Amino acid sequence: MADTATHRLAHVYPAGAGERQGLRAGVVSRTVAMVIDAAYVVMLVGVAYLAFSAFRFLRSPRKFSWPVISSGQFITAALILAAIALALGWAGVGRTAGMRIMGLRIVGRSGTTLGFTVALLRAITCVVFPIGLFWSAVSKHNASVQDLIFRTSVIYDWQARVPRSKRS
Amino acid sequence: MDRIPIGGTPPDPDDGEPDNVVRLPSVQASDEVVGIPVESHDAVAAPAGDEPEMSWEEAVAADADADVPEDPPPAVPGSGMATLLEQGLRVGAGMVSASASAMADALRSTMPEPAEEEGEDPAATMAGAGLGAAITAAEAAASAAKSAAEAVGPIMSWVTSPTALQGASGTAAGAARLLDGQWKATQAETAQAATAFLTVLIPEITKAILDQVDLTQIVKERVDINAIVEDVDMDRIVDRLDIGAIVDRVDVNAVVQKVDMEQIVEDLPLEKIVDRVDVNEIVERVDIRGVIDRLDLAEITQDVMDDIDLPSIIRESSGAMASETVQTVRVRGMDADGLVSKIVDRMLRRQQRELEAPGEPKDD
C-alpha cells in the first residue's frame, strides 16, 4: 500500500521539475523568493505596528493615538524583523515563506540544515547587502555572495519525496 | 445220513416238512455260498413236487435231459472271482506302469546329458518292456483265472452242493474263526509296525517329492488366487487384527525421516488438484462473518496507518500538489533560472554550470 502511494507521489512533479530537485536554484527563483520574503517582512512590520498600537491603547486608552514612525525607524524595524525571520526560517525548517512558495531550501556545506548562528549571520548579510544575491546569475555554481561566504547552497526542493515507512 | 433234496424251494415248514430233511442254515434259496451264486432252482434242481427222490447221477442226467427254457446261460461258479482278479490285475498293471514311467522319468532326469542323441531312450525302453510284461502277465493271469474258473466250475458246483457243503461249511467256519482269532491277536502289533514304518517313510518321500517339485510354479499355473482372494472374508480378518499393537511397533519417526517429502510434493499434480477444487463451494462454507467478528479491525487499521504514514503522505502531497498557481510559478522560476543561466553562460562563454549541491534534500 505504501508502495502504491509512493508510486502515485512520484508523478506529482510537472514535466521537467522532477529531475531538477536537489540542484542549485537560479537567480530568478531566488529573487522571487526574496521579494516574497520582503513583502512578508513588510507585512510583519505592519503587524508589529498594529500590535504596538494595541499595546498602547490597552495601557492608556484615553490618551491613545496612533504611533508616528519615521521612515528610518520603519526601515530599521523591517531590517531587524527580516533578519530574525530569515534566521528562524533557515535554522528551523531550512526555508522562509518565500522560499517555500518557490520550492527552495537552503543547506550547509554538508547538505544539512544551517545552525542558528550561521543562519543569523547569513540573514544579516542578506539584509545589509541584498544585492549579493544576484551574483548567483554569474556564479558557475549559482552561488550568491552570502553562499560563497557561508558555504551554503539554495536548492530546488519541492518536498515531494518518497515517504518512508517507520519499519523500513 | 439222510438224503437232502437237491435244489428246489425248501418245503414250507407250515406245509409239513419231513423230519428227515436237513436245511443248511446259511443256504437259502436266494443266497450265495462264498461268492458262488446259487443256480436257479429250476435249472439245477428237479421240480419239487410229486417226483420221487433221486440220486446225484440221476439228477444230473435228468437235468441234462430236461427241456430247459431259454434262460441265460448259467454262470460258471467262480467267474465273479475271476472278474475281480482280472480287474485287480489290470489296476495293478496300471499302477506298475505308472510307477515305471515315473521312475523312467526320474532316471532320465538324473542322466548328465539327454539321451535323444542316441536315438532311443533306454530308460523308456526298459519301462515299456516292464509295462508290456506286466500287462501281458495280467492278461495271462486273467485268462488263466477264467479258464480255471470254467474248469473248476462243475467241481465248485459239486462242492457247493448241499451235500458237499454240509461237511465243508463246518470245516470252513472253524478255519475262519481260527484265522480271525489270529488276525485279531496280531492286529495291534501289525498296525503299530505299519504306523512306525509309514512315520519314517512318508516324510522322506514327501521331502524327496518337494525337492523335485516347483510348488511356486505349480501354484502359479494351477491355482486361481483371485478366486481364493474373493472368498476371503477380509472384514473378519481386519476385525481380528490388533491395529493398535501393530502401529505401536512401527517407528513412525524413522519412516517419516526416510520419506522424501520434497520429491513427493514435486510429483504432485498440484495444478490438476487445484483445477478440481471448487473454490466457490469452499467459500460458501466459510463463516466469513465469524472470521470478521474475530478480527480486530481497529488494530489492523492502525497498523496500516502506521505503515503508510498517512499524515506524512497528506502533508507532503499537499506540498507537492500545491495549487496550480504555485506550481506554475515554480516551473516558471525554474525555466527563468535556466534561461538566465544560459544567457550569462553564453556571454561568459561558459559551457555548463555545476549545480550539484552537497548532500541530499532534507525533510522538514
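Protein sequences, first through last, are from chains E and W. So the first sequence is numbered by the working numbering: it starts at 1420 and just counts up by one. So the second sequence is numbered by the working numbering: it starts at 55 and just counts up by one. Note that the Cβ used here is the ideal one computed from N, Cα and C, for glycine as well. Here the structure is a predicted model, which is why all the values come from computation and not from measurement.
Requested in this report: Verify whether the separation of the beta carbon atoms of E:Leu1533 and E:Ala1510 is less than 8 Å.
Outcome: As a first step, residue 1533 of chain E must be located in the first sequence, where it is residue number 114. As a first step, residue 1510 of chain E must be located in the first sequence, where it is residue number 91. It is a contact, given that the beta carbons lie within the stated cut-off.
Query raised in the report: Taking buried to mean at least 16 other C-beta atoms within 10 Å of its own C-beta, is E:Gly1527 buried or exposed?
Result: As a position in the first sequence, residue 1527 of chain E is number 108, starting the count at 1. Looking at its Cβ environment, which holds 16 or more other Cβ atoms inside 10 Å, E:Gly1527 is buried.
Query raised in the report: Pairing CB atoms from the segment 1434-1449 of chain E with CB atoms from the segment 1467-1480 of chain E, are three or more of them under 8 Å?
Result: no
Query raised in the report: To the nearest angstrom, how far is it from the Cα of W:Thr270 to the Cα of W:Val277?
Result: Along the second sequence, one-based indexing puts residue 270 of chain W at 216. Along the second sequence, one-based indexing puts residue 277 of chain W at 223. Looking at the two C-alpha atoms, the distance is approximately 10 Å.
Query raised in the report: Can you name, in chain order, every residue of its own chain whose Cβ lies under 6 Å from the Cβ of E:Ala1542, other than the five neighbours on each side?
Result: The sequence position of residue 1542 of chain E within the first sequence is 123, counting from 1. Around E:Ala1542: Ala1502, Leu1505, Ala1506.
Query raised in the report: What residues of chain E sit near W:Gln381, judged by a beta carbon separation below 7 Å?
Result: Here residue 381 of chain W corresponds to residue number 327 of the second sequence, with the count starting at 1. The contacting residues are Pro1433.
Requested in this report: Determine, using beta carbons only, whether E:Leu1442 comes closer than 8 Å to chain W.
Outcome: Taking the first sequence and counting its residues from 1, one reaches residue 1442 of chain E at position 23. Yes, E:Leu1442 lies at the interface with chain W (some Cβ there is under 8 Å from its Cβ).
Requested in this report: Just mark W:Ile291 as buried or exposed, buried being the case when its beta carbon has 16 or more other beta carbons within 10 Å.
Outcome: Numbered from its first residue, the second sequence carries residue 291 of chain W at position 237. Exposed, because fewer than 16 other Cβ atoms sit within 10 Å of the Cβ of W:Ile291.
Query raised in the report: Would you say the segment 1479-1487 of chain E touches the segment 1544-1561 of chain E, given that touching needs at least three Cβ pairs under 8 Å?
Result: no
Query - Cβ shell of E:Arg1514 (< 7 Å), same chain only, five flanking positions each side left out - result: The residue labelled residue 1514 of chain E in the question sits at position 95 within the first sequence. Same-chain partners within the cutoff: Gly1508, Leu1523, Arg1524, Ile1525.
Query raised in the report: Can you name, in chain order, every residue of its own chain whose Cβ lies under 6 Å from the Cβ of E:Gln1565, other than the five neighbours on each side?
Result: Taking the first residue of the first sequence as 1, we reach residue 1565 of chain E at position 146. For E:Gln1565, where only same-chain residues beyond five positions count, the Cβ hits under 6 Å are Arg1541, Thr1544, Cys1545, Gly1551.
Report task. Look up E:Glu1438 in the DSSP assignment and say whether it is helix, strand or coil. Result -> Stepping through the first sequence from its first residue, residue 1438 of chain E is reached at position 19. E:Glu1438: helix per DSSP, three-state reduction.
Requested in this report: Tell me, please, whether the CB atom of W:Glu320 is closer than 8 Å to any CB atom in chain E?
Outcome: Numbered from 1 along the second sequence, position 266 holds the residue referred to as residue 320 of chain W. False, the Cβ-Cβ gap to chain E never drops below 8 Å.
Query - Unbroken stretches of the beta strand (DSSP E), 3 residues or longer, contained in the segment 1542-1581 of chain E - result: 1572-1575
Query raised in the report: Is DSSP giving W:Glu408 helix, strand or coil here?
Result: The count along the second sequence starts at 1 and reaches residue 408 of chain W at position 354. Three-state DSSP puts W:Glu408 in coil, outside helix and strand.
Query raised in the report: From W:Arg162 to W:Thr260, what does the alpha carbon distance come to, in whole angstroms?
Result: Your numbering for residue 162 of chain W matches position 108 in the second sequence. Your numbering for residue 260 of chain W matches position 206 in the second sequence. If you take the alpha carbons of W:Arg162 and W:Thr260, they lie about 20 Å apart.
**Report entry** E:Gly1491 and E:Tyr1575 closer than 8 Å at C-beta
**Finding:** Taking the first residue of the first sequence as 1, we reach residue 1491 of chain E at position 72. Taking the first residue of the first sequence as 1, we reach residue 1575 of chain E at position 156. No, these two residues do not count as a Cβ contact at 8 Å.
Requested in this report: Mind listing the chain W neighbours of E:Met1521? Cutoff is C-beta to C-beta under 8 Å, in chain order.
Outcome: In the first sequence, the residue the question calls residue 1521 of chain E occupies position 102. Simply Val383, Arg384, Gly387.
Query - Partners in chain E for W:Val398, counting only beta-carbon separations shorter than 8 Å - result: Taking the second sequence and counting its residues from 1, one reaches residue 398 of chain W at position 344. The contacting residues are Ala1556, Val1557.
Query - Proximity below 8 Å, CB of E:Arg1443 to CB of E:Ser1529 - result: As a working note, residue 1443 of chain E is residue 24 in the first sequence. As a working note, residue 1529 of chain E is residue 110 in the first sequence. Cβ atoms of E:Arg1443 and E:Ser1529: not closer than 8 Å.
Query raised in the report: Checking contacts by CB at 8 Å: is W:Glu408 closer than that to chain E?
Result: What you label residue 408 of chain W is simply residue 354 of the second sequence in a count that begins at 1. For W:Glu408, the answer is yes, since a Cβ of chain E falls inside 8 Å of its Cβ.
Query raised in the report: chain E partners of W:Arg404, CB-CB under 9 Å?
Result: In the second sequence, the residue the question calls residue 404 of chain W occupies position 350. Residues of chain E passing the Cβ test: Lys1559.
Query - Cβ-Cβ separation, E:Ala1556 to W:Val380 (assumed contact under 8 Å), whole Å - result: On the second sequence, residue 380 of chain W is found 326 positions in, with the first residue counted as 1. On the first sequence, residue 1556 of chain E is found 137 positions in, with the first residue counted as 1. About 23 Å separates the two Cβ atoms, so there is no contact after all.
**Report entry** Buried or exposed (CB count within 10 angstroms, at least 16 for buried), W:Glu408
**Finding:** Within the second sequence, residue 408 of chain W is the residue found at index 354, counting from 1. W:Glu408 comes out exposed.
**Report entry** Chain-order list of residues whose beta-carbon lies under 7 Å from that of W:Arg303 (same chain, five-residue window excluded)
**Finding:** The count along the second sequence starts at 1 and reaches residue 303 of chain W at position 249. The answer is none, since no qualifying residue turns up.
Report task. Assuming E:Ala1467 and E:Ala1496 form a contact by the criterion Cβ under 8 Å, report the distance between their Cβ atoms to the nearest whole angstrom. Result -> The count along the first sequence starts at 1 and reaches residue 1467 of chain E at position 48. The count along the first sequence starts at 1 and reaches residue 1496 of chain E at position 77. 7 Å between Cβ atoms; contact.
Requested in this report: Using a Cβ cut-off of 9 Å, pull out every chain W residue sitting near E:Trp1509, in sequence order please.
Outcome: Within the first sequence, residue 1509 of chain E is the residue found at index 90, counting from 1. Those do not exist, as E:Trp1509 stays about 12 Å from chain W at its closest Cβ, beyond 9 Å.
**Report entry** Alpha carbon of W:Pro91 to alpha carbon of W:Leu139, nearest angstrom
**Finding:** Translated into the one-based positions of the second sequence, residue 91 of chain W becomes position 37. Translated into the one-based positions of the second sequence, residue 139 of chain W becomes position 85. Bear in mind that a pLDDT of 45 at W:Pro91, under 50, signals an unreliable position, so the number given afterwards is only what the model happens to contain. Answer to the nearest angstrom: the Cα atoms are 17 Å apart.
Report task. Can you grab the Cα-Cα spacing for the pair W:Ala411 / E:Met1462, in whole Å? Result -> Counting from 1 along the second sequence, the entry for residue 411 of chain W is found at position 357. Counting from 1 along the first sequence, the entry for residue 1462 of chain E is found at position 43. Near 32 Å, if we compare the C-alpha coordinates of E:Met1462 and W:Ala411.
Query - Proximity below 8 Å, CB of E:Val1460 to CB of E:Leu1500 - result: What you label residue 1460 of chain E is simply residue 41 of the first sequence in a count that begins at 1. What you label residue 1500 of chain E is simply residue 81 of the first sequence in a count that begins at 1. Yes, the pair counts as a contact, with Cβ atoms nearer than the cut-off.
Report task. Return no unless some Cβ of chain W is closer than 8 Å to the Cβ of E:Ser1529. Result -> Start at 1 with the first residue of the first sequence, and residue 1529 of chain E comes out as number 110. Chain W, which has a Cβ nearer than 8 Å to the Cβ of E:Ser1529, makes this yes.
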